[in-house]
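K.L.:
Using this note's numbering, you'd call the opening residue of the sequence shown number 3 and step up by one each time.
Before I ask anything, let me first share the structure, which is written out below as structure tokens.
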Amino acid sequence: RTPRTRNRTRTIMSRIIRAALKLAPTTAFGAAPLGAARARAVDNASPALTFVTRGYADAASPPLLVAMMGVQRPLNQIHRMIENTGAEIKESRNVSLGGRSSNMFLVTGADPMALKREFANERNDFFSVFEARNTIRDIKGPYCETSPLLPFVRRATLHVPYKPGVVNEIADFLCSKGVTLSHLDEYRSGKDVVLEGILHLPTGLAEFPAVEEAYILKKLESLGVSVREFGKVEGRPRAEKAATS
């Protein structure tokens, strides 16, 4: 090809590229692909990202995680503020310690920007909205009677004599076997450390193989743990109540 032909080709390609860049969706971080930006926290979203997120929410109701920490205040106030945005609370974890409270809410049908506006004037040490892991196939929650996860959920109360690192030993063992601690309270009672919480045994369908409950209990006892409770969680609603509703 002649130099004139090559220059004409470059000019045409340059125009095509400029036109494509004008049409391509951009994010608050420049011309990064929209798919890459979705991996970021929702509270960093641009209007374009918010539009796509909301469109997906309308179709499949993906969960969002609202997390905050600040001066302790009534829980009903926080609940009301979240529900004022039209969001539905599916699960929450709330704890108060040392004059501060930490709250996490798993919500659906939510507009992340509306949530941010609702809490904009609150004096939180921390507040953010994230896309939660999509549990759309079990959005009723793991404690619903119809949940396939319910047989793997345990309510546990463990007592163990205090010594440095004893809680680490227990947690290391449970985590090494794929046991998820979705809720855990730790406090001292005399010479004992008391652990109360909700444990999820591995289903065997993901990274960790299924594990026998008897093995878990035997190992805990070998660590000096007195297992006061390790029972299955009763689903809600109960079968007889559901049958009459």
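Where a beta carbon is used, it is the ideal one built from N, C-alpha and C, also for glycine.
In this text the structure is predicted, and so the values were computed from the model without any measurement.
Three-state secondary structure (DSSP) at PHE232?
P.N.:
In this structure, PHE232 counts as strand in the three-state DSSP scheme.
K.L.:
Classify PHE154: buried if its beta carbon has 16 or more other beta carbons within 10 angstroms, exposed otherwise.
P.N.:
Buried, by the Cβ-count rule.
K.L.:
For LYS221, which residues in the same chain have their Cβ closer than 8 Å to its Cβ, ignoring the five residues on either side in sequence?
P.N.:
So the qualifying residues of the chain are PHE175.
K.L.:
Give me the DSSP bridge partner(s) of VAL130.
P.N.:
As written in the sequence, residue 130 is Ser, which differs from the Val given in the question. Paired residue(s): ALA69.
K.L.:
Bridge partners for MET106 per DSSP, in chain order?
P.N.:
DSSP, once it has assigned bridges, lists ALA69 and ARG95 as partnering MET106.
K.L.:
Between the Cα of PRO204 and those of VAL131, ARG156 and THR87, spot the shortest distance and give me the residue it belongs to.
P.N.:
That would be ARG156, whose Cα lies nearest to the Cα of PRO204.
K.L.:
Looking at ALA158 and LEU117, is the spacing between their C-beta atoms short of 8 Å?
P.N.:
No, Cβ-Cβ distance for LEU117 and ALA158 is not below 8 Å.
K.L.:
Within its chain, find whatever has a CB closer than 8 Å to the CB of PHE128; leave out the 5 residues flanking it on each side and keep chain order.
P.N.:
Here the set comprises ALA69, MET70, MET71 and GLY72.
K.L.:
Let me know the secondary structure DSSP gives VAL169 once reduced to three states.
P.N.:
Three-state DSSP puts VAL169 in a helix.
K.L.:
If you check the beta carbons only, do PHE210 and LYS234 fall under 8 Å apart?
P.N.:
Contact: no.
K.L.:
How many Å lie between GLU124 and THR87 at the Cα?
P.N.:
The straight-line gap from Cα to Cα measures roughly 15 Å.
K.L.:
Which partner residues does LEU222 have in the DSSP bridge list?
P.N.:
Per DSSP, none; premise fails for LEU222.
K.L.:
Rounding to the nearest angstrom, what Cα-Cα distance links GLN74 and ASN126 in this structure?
P.N.:
In a straight line, the C-alpha of GLN74 is about 10 Å away from that of ASN126.
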